[in-house]
Structure formats: structure tokens, C-alpha cells
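J.: Anchor point for the sequence shown: position 100 equals 100 in full-length UniProt numbering, and the numbering is continuous, going up by one each time. A single structure is presented below for examination.
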Amino acid sequence: MNKIFRKVTIAYLILIGATLGAGLFAGIVVAPVTFHTENWLGSEILSHYQEGLIMTQNFVKLSYLVDVTVIAVALYEGYKYKKFERDNITQVATFFVIVTGLMFGHYYLPDILTMQMAGEEMTKTAAFVNTHKGSEINFKIFSTALLVLMIRNMQKACK
């Protein structure tokens, strides 16, 4: 059983790392390129609104990976909790991964999509700007909590 759990732990760490990497890549690389298409195409072909629609679709696809990761975190950390292999830092990080991961895909993204479907003018409102800023902060918390989980589980696995 120990060999099997070791393999599950490796798969879990790879999933957490892949999700963290995908989120960071989307925020650090994809978003700046998408929102500055004029720099890459030579002129402004897409409006900021159209760039936002493209970026949202990237995050919709990312939300599927986030949902899988949230389920994996809940199952893996729940199992470790039940086996009394727990510590406060891991428990707090687990809570934040689950809550912020669910908020990302099931609270912020649907709101942003709804506002975008209402048209370009809606995306210029304070409600949209605040929702978008909230989603950015939420995802930063999610990413930080994932990093903490990854480090803590790597520390335990290397003992």
C-alpha cells in the first residue's frame, strides 16, 4: 500500500505543479500578449473588449483543470487528514485551494461571462472592474495556497 500511495503522491504533486504552472503562464504570459495584440500585429485589429473575450475563454479552459485539482486536493488531503497525517499549514492551504478554486470557476467566471454577454459597455462599469479585480486577487490566493501545498507535501515526501 505504501508504494501505491507514493505513486499517488507523485501524481498529486505533478497535478498541483501543472495547475500552478498553467495559472502562472496564463497570467504572466498569455494575458499580456492577448491584451496587447497591437504590439504583435502591428496595428490595433482587436478591441480591448474582443481581447477580453479571448482571454476569458483561456480562463474558462483553465477552470476545468482547476476543478480537477480542487477535487484531487479534497480527496488527497482528506485522506491524509483521516490518517492523522496533518498539520495546520497544510489544512489552511487546503481550505484556501478548495474555496478559491471553486470561487474562480463557479463564481467569478460566470459573472464575468454574463457581463461580457451583456455587451462592451457593461465591461466598462465599476461592477465589472471590481469583479475582474476580485477574480485576480482570488487567483493569486489560489496560486499561493497551491504553492504552499506543493512545498509542504514535497517536504513530507522527502523525509
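Virtual Cβ for every residue (Gly too), placed ideally from N, Cα, C. The model shown is predicted, which means the values in this text are computed figures rather than measured ones.
Which residue from I137, Y107 and Q91 puts its Cα closest to that of V76?
T.: Numbered from its first residue, the sequence shown carries residue 76 at position 76. The sequence as given places Tyr at residue 76; Val does not occur at that position. The residue with the shortest Cα to Cα distance from Y76 is Q91.
J.: Compute the Euclidean distance between the alpha carbons of M55 and F35, then round it to the nearest angstrom.
T.: Taking the sequence shown and counting its residues from 1, one reaches residue 55 at position 55. Taking the sequence shown and counting its residues from 1, one reaches residue 35 at position 35. For M55 and F35, the distance between alpha carbons rounds to 8 Å.
J.: Is DSSP giving I45 helix, strand or coil here?
T.: Translated into the one-based positions of the sequence shown, residue 45 becomes position 45. Three-state result, I45: coil.
J.: Please look up how many angstroms separate the CB atoms of V97 and N58, rounded, as I've assumed it's under 8 Å.
T.: Along the sequence shown, read from residue 1 onward, the residue named residue 97 stands at position 97. Along the sequence shown, read from residue 1 onward, the residue named residue 58 stands at position 58. The pair is not a contact, with the Cβ atoms about 21 Å apart (cut-off 8 Å).
J.: Determine whether the Cβ of G119 lies closer than 8 Å to any Cβ atom of chain C.
T.: Chain labels in this structure do not include chain C; a single protein chain is all it has.
J.: Whole angstroms are fine: how far does the CA of F5 sit from the CA of R86?
T.: The residue given as residue 86 occupies position 86 in the sequence shown. The residue given as residue 5 occupies position 5 in the sequence shown. Roughly 16 Å between the two C-alpha positions.
J.: Label E51 either buried or exposed according to how many other C-beta atoms from any shown protein chain fall within 10 Å of its C-beta, with 16 as the threshold for buried.
T.: On the sequence shown, position 51 is the one that residue 51 refers to. Looking at its Cβ environment, which holds 16 or more other Cβ atoms inside 10 Å, E51 is buried.
J.: Let's test the definition: count the other Cβ atoms within 10 Å of the Cβ of A93 and tell me whether it reaches 16, buried, or not, exposed.
T.: Working through the sequence shown from its first residue, we reach residue 93 at position 93. A93 should be labelled buried.
J.: Let me know the secondary structure DSSP gives F95 once reduced to three states.
T.: For the purposes of this step, residue 95 is taken as residue 95 along the sequence shown, with counting starting at 1. Three-state DSSP puts F95 in a helix.
J.: How many Å lie between V73 and E44 at the Cα?
T.: Taking the first residue of the sequence shown as position 1, residue 73 is located at position 73. Taking the first residue of the sequence shown as position 1, residue 44 is located at position 44. Each residue's alpha carbon lies about 42 Å from the other.
J.: Using the C-alpha atoms, what's the distance from V68 back to I16?
T.: Counting from 1 along the sequence shown, the entry for residue 16 is found at position 16. Counting from 1 along the sequence shown, the entry for residue 68 is found at position 68. Spanning the two alpha carbons is a distance of roughly 10 Å.
J.: Measure the C-alpha to C-alpha separation of V99 and G105 and round it to an integer number of angstroms.
T.: For the purposes of this step, residue 99 is taken as residue 99 along the sequence shown, with counting starting at 1. For the purposes of this step, residue 105 is taken as residue 105 along the sequence shown, with counting starting at 1. Their Cα atoms are separated by approximately 10 Å.
J.: Let's test the definition: count the other Cβ atoms within 10 Å of the Cβ of T19 and tell me whether it reaches 16, buried, or not, exposed.
T.: Counting from 1 along the sequence shown, the entry for residue 19 is found at position 19. By the neighbour-count rule (16 or more Cβ atoms within 10 Å), T19 is buried.
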